[in-house]
Amino acid sequence: MERGKMAEAESLETAAEHERILREIESTDTACIGPTLRSVYDGEEHGRFMEKLETRIRNHDREIEKMCNFHYQGFVDSITELLKVRGEAQKLKLVIAMEELKQCRLQQRNISATVDKLMLCLPVLEMYSKLRDQMKTKRHYPALKTLEHLEHTYLPQVSHYRFCKVMVDNIPKLREEIKDVSMSDLKDFLESIRKHSDKIGETAMKQVPGAQDLVDFSPVYRCLHIYSVLGARETFENYYRKQRRKQARLVLQPPSNMHETLDGYRKYFNQIVGFFVVEDHILHTTQGLVNRAYIDELWEMALSKTIAALRTHSSYCSDPNLVLDLKNLIVLFADTLQVYGFPVNQLFDMLLEIRDQYSETLLKKWAGIFRNILDSDNYSPIPVTSEEMYKKVVGQFPFQDIELEKQPFPKKFPFSEFVPKVYNQIKEFIYACLKFSEDLHLSSTEIDDMIRKSTNLLLTRTLSNSLQNVIKRKNIGLTELVQIIINTTHLEKSCKYLEEFITNITNVLPETVHTTKLYGTTTFKDARHAAEEEIYTNLNQKIDQFLQLADYDWMTGDLGNKASDYLVDLIAFLRSTFAVFTHLPGKVAQTACMSACKHLATSLMQLLLEAEVRQLTLGALQQFNLDVRECEQFARSGPVPGFQEDTLQLAFIDLRQLLDLFIQWDWSTYLADYGQPNCKYLRVNPVTALTLLEKMKDTSRKNNMFAQFRKNERDKQKLIDTVAKQLRGLISSHHS
444 MERGKMAEAE SLETAAEHER ILREIESTDT ACIGPTLRSV YDGEEHGRFM EKLETRIRNH
504 DREIEKMCNF HYQGFVDSIT ELLKVRGEAQ KLKLVIAMEE LKQCRLQQRN ISATVDKLML
564 CLPVLEMYSK LRDQMKTKRH YPALKTLEHL EHTYLPQVSH YRFCKVMVDN IPKLREEIKD
624 VSMSDLKDFL ESIRKHSDKI GETAMKQVPG AQDLVDFSPV YRCLHIYSVL GARETFENYY
684 RKQRRKQARL VLQPPSNMHE TLDGYRKYFN QIVGFFVVED HILHTTQGLV NRAYIDELWE
744 MALSKTIAAL RTHSSYCSDP NLVLDLKNLI VLFADTLQVY GFPVNQLFDM LLEIRDQYSE
804 TLLKKWAGIF RNILDSDNYS PIPVTSEEMY KKVVGQFPFQ DIELEKQPFP KKFPFSEFVP
864 KVYNQIKEFI YACLKFSEDL HLSSTEIDDM IRKSTNLLLT RTLSNSLQNV IKRKNIGLTE
924 LVQIIINTTH LEKSCKYLEE FITNITNVLP ETVHTTKLYG TTTFKDARHA AEEEIYTNLN
984 QKIDQFLQLA DYDWMTGDLG NKASDYLVDL IAFLRSTFAV FTHLPGKVAQ TACMSACKHL
1044 ATSLMQLLLE AEVRQLTLGA LQQFNLDVRE CEQFARSGPV PGFQEDTLQL AFIDLRQLLD
1104 LFIQWDWSTY LADYGQPNCK YLRVNPVTAL TLLEKMKDTS RKNNMFAQFR KNERDKQKLI
1164 DTVAKQLRGL ISSHHS
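Take 444 as the starting number for the sequence shown in this note's numbering and just add one per residue.
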């Protein structure tokens, strides 16, 4: 029973499954029916299913048959209508084909028009792309041309497109970008030439042409063109000139230590030359970026500042070689700029000022040279032992002496070493002066005048001071002074040879009008006179030193029989001294001898009359007389040739007459003849006689020495008083 129920239940499930499958077959697309059929074969009792399927098919066939029967007439009518429509359909197909053709042709025209438009736009786009590429690669000058073509040629053709408007709106920005970048290039250029103006100037000063080739001026040209095209040329010109003016001021500001080395000056000049080489090139290649008025204004400023700087810095220079090098540098600087058309007369005028500075430095240098020569000289005549040595000296100094030439070797020149040395240094100075005059575009006369004036300064100031310093030096000996006189005499004679030396250099004859004469001869005359005066002073000082040794016993009662030792030594000194004076020129030896004798006589008179000697005896007077006789003997012996008869003795005439008057006690003659032109005691002043008599009167009271007098041995005191009274009368009447 239960099995039957189970079988029944299974049969119902199978029936339901079969029903489901049938519905799926009816409703499912034939392409997707595979899975449904597979479920049939996978299931059980598919035979049963096939039966049901067959039944279902028959049912459907019946339904179809009924439907067909029902719709048959309509179908027939439809077929009839369809046959009618077929003809119309043919017509319709043709219309559709025509419409499609029309549409195709329209598309072709649209495509062709589109291609044409694209072909028109393509150059614009390509040009814009090219512009962008040029901007990226910083080819701004070509970019500007591309922009011009784009704006004026290409964009107007496609101006109605929206992308065109974007481009048009972008053009001003691109222009500004080109302006900014080109200005940046210009700034780089300006910075570059500021740094390299030194090198540019150095090249220009060496070879003159080609210095501008060191500079790439293309940034200036490009920027100028760009600004010109963009209508901003004036802005560009003003900017360029303003920046270059700033750079000019920097270039013209010298470093504070410029005067210390030549390189300092050289760099300063190179920078200035470099600056103006650039500006000159810009002037000639840019058609108005700078003009002549602007260049002239800058050059005037440069001249003013350069000359002021050179005046200041050259004044610090004490080395003549550096001043000479500076002069050569200034000449090169001026000549270089003159080639570029800049007026440089002011520079050459300023060089004449520096010439004075050069002359001063030379004089200082030669002051040292002369000082060394004079300090190292032995102040002895130059000895020569051979013809070769003789010719060497004569080659150094113009000297001729037939007598000396005849003398056998060894022999001596009259002058010492400093004569040829000084002479040659004067010539060296002249050469040094000449060096400065070279390349200054001066005439021969101007050069000659300059050399002569400088040489005169050397002689009258520098050499003169050197000689005077030697002459006035402490402890200088008579031998040195004598040699200086001899030396300066020969140097004075050599001045005419120096005149000839200058004439041979400058080819300007001394007779030429306005030619400066060498008046250096006065230097040697002045030095000689100073040396002579120093000899006289020196001699007198020596005499004074001997007189300080005088030790008279003014109260002695002994009658001496020989001159005092100090005086004998003094006379011996004078004899040996005047023996050295034989080479002195002219009247120097005679004047010196006369001066010495006069000074000796005056000093002896002062010894006799000085107030400290209150009393003196006849014995002391006799000793004093012996000393004066020794002096007179020296004067008569002719210590220096050239005196006439007793000229030298006259130096002691005052002493002689005074002593004779007292020793001979010849008052009657003195008083009787006083005032007569030919009186025996013409040189005895009554005041002097009275002073000495007063000393004798005091002595007579104490020592009663009057027994020794040869005259009037009675009452000598009364006689002295009488004579004194008469002398006072003479003095009184003489003064009244």
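From the three backbone atoms N, C-alpha and C, an ideal C-beta is built for every residue, glycine too.
Margin query: Taking the straight line between their C-alpha atoms, what separation do you get for Ser1007 and Ile986?
Written below: 14 Å
Notebook entry, point to check: With a cut-off of 8 Å, do at least 3 Cβ pairs link the segment 1072 to 1080 to the segment 1124 to 1131?
Noted result: The segment 1072 to 1080 is not in contact with the segment 1124 to 1131.
Notebook entry, point to check: Cα-Cα, which of Gly1081, Asn1068, Ser625, Asn981 is closest to Thr1194?
Noted result: Limits of the chain in this structure are 444 at one end and 1179 at the other, which puts residue 1194 out of reach.
Next item on the list: Return helix, strand or coil for Val538, following the three-state DSSP convention.
Entry: helix
Checklist line | Own chain, CB closer than 7 Å to Gln789, minus 5 neighbours either side, in chain order | finding: For Gln789, same chain residues with a beta-carbon under 7 Å away, outside a window of 5 residues either side, are Leu746, Ile750 in chain order.
Note to self: Let's test the definition: count the other Cβ atoms within 10 Å of the Cβ of Lys1145 and tell me whether it reaches 16, buried, or not, exposed.
What the structure shows: Here Lys1145 scores only 46 on pLDDT, less than 50, and its place in the model should not be relied on; the value that follows carries that caveat. So Lys1145 ends up on the exposed side.
Notebook entry, point to check: Short check: CB of Thr1134 to CB of Leu1052, under 9 Å?
Noted result: Cβ atoms of Thr1134 and Leu1052: closer than 9 Å.
Notebook entry, point to check: Using the rule of at least 16 other Cβ atoms within 10 Å of the residue's Cβ for burial, across every protein chain shown, is His503 buried or exposed?
Noted result: exposed
Next item on the list: Grab me the residues of Leu780's own chain with a C-beta within less than 7 Å of its C-beta, minus the 5 sequence neighbours each way, in chain order.
Entry: Val716, Phe719, Val787
Margin query: Given this structure, state the Cα-to-Cα distance separating Val1083 from Phe1021, to the nearest angstrom.
Written below: 6 Å
Check: Start and end of the alpha helix (DSSP H) containing Arg814?
Finding: Boundaries of the alpha helix (DSSP H) harbouring Arg814: 788 to 819, taken from the DSSP string.
Notebook entry, point to check: Rounded to a whole number of angstroms, what is the C-alpha to C-alpha distance between Arg529 and Lys545?
Noted result: 24 Å
Check: Under 9 Å, do Gln429 and Asp723 count as touching if we go by C-beta distance?
Finding: The structure shown has nothing for residue 429, since the chain only spans 444 to 1179.
Next item on the list: In angstroms with no decimal places, state the Cα-to-Cα distance between Leu1047 and Gly1003.
Entry: Going from the Cα of Leu1047 to the Cα of Gly1003 covers about 17 Å.
Item checked: Proximity of Leu753 and Ile725 at Cβ, strictly below 9 Å -> no
Margin query: Relative to the C-alpha of Thr457, which candidate in Arg491, Pro585, Thr646, Ser859 has its C-alpha closest?
Written below: Arg491
Note to self: What does the alpha-carbon distance come out to for the pair Leu794 and Ala777?
What the structure shows: Leu794 and Ala777 have their C-alpha atoms roughly 11 Å apart.
Note to self: Let me check understanding here. Comparing Cα to Cα, which of Glu524, Pro662, Pro599, Leu877 lies closest to Cys892?
What the structure shows: Strictly speaking, residue 892 in this sequence is Asp, with Cys absent from that position. Minimum Cα distance to Asp892 is reached at Leu877.
Checklist line | Beta-bridge partners of Lys855, as assigned by DSSP | finding: Its beta-bridge partners are Pro826.
Notebook entry, point to check: Using CA coordinates, which residue listed in His1042, Gln1049, Glu1055 is at the minimum distance from Leu1091?
Noted result: Looking at the Cα atoms, His1042 is the closest of the given residues.
Margin query: Can you tell me whether Tyr940 is buried or exposed? The criterion is at least 16 other CB atoms within 10 Å of its CB, across all chains shown.
Written below: exposed
Next item on the list: Over the uninterrupted alpha helix (DSSP H) stretch that includes Tyr995, give me the two end residues.
Entry: Taken as a continuous stretch (DSSP letters only), Tyr995 belongs to no alpha helix (DSSP H), as it is neither H nor E.
Next item on the list: May I ask you to verify whether the segment 920 to 937 touches the segment 960 to 971, counting CB pairs closer than 8 Å and requiring at least 3?
Entry: yes
Check: Three-state secondary structure (DSSP) at Leu673?
Finding: coil
Notebook entry, point to check: Once you ignore the five residues that flank Thr471 on each side, which residues in its own chain have a CB closer than 7 Å to its CB?
Noted result: Thr479
Margin query: Taking a contact to mean a Cβ-Cβ separation below 9 Å, would you say Ile873 touches Thr903 in this structure?
Written below: Not in contact: Ile873 and Thr903 (Cβ atoms no closer than 9 Å).
Note to self: Tell me the DSSP secondary structure of Thr549 in three-state form.
What the structure shows: According to the sequence displayed, residue 549 carries Leu and not Thr. Helix at Leu549.
Margin query: With H, G and I counted as helix, E and B as strand and the rest as coil, what does DSSP make of Ile1110?
Written below: Reading the sequence as shown, one finds Trp at residue 1110 and not Ile. Of the three classes helix, strand and coil, the one that applies to Trp1110 here is helix, per DSSP.
Note to self: Beta-carbon within less than 8 Å of Arg676's beta-carbon, same chain only, minus the 5 sequence neighbours each way: which residues are those?
What the structure shows: Leu667, Tyr670
Check: Would Lys1168 be called buried (16 or more neighbouring beta carbons within 10 Å of its own) or exposed?
Finding: exposed
Next item on the list: Find out if the Cβ-Cβ distance for the pair Tyr822, Ser859 is shorter than 9 Å.
Entry: yes
Check: Residue range of the alpha helix (DSSP H) that Arg971 falls in?
Finding: 964 to 990
Note to self: Could you tell me the alpha carbon to alpha carbon distance between Ile845 and Thr828, rounded to whole angstroms?
What the structure shows: Spanning the two alpha carbons is a distance of roughly 17 Å.
Check: Does the Cβ-Cβ distance between Ala810 and Ser661 come in under 9 Å?
Finding: no
Item checked: Proximity winner among Arg466, Arg548, Gln926, Pro599, relative to Ile978 (alpha-carbon distances) -> Gln926
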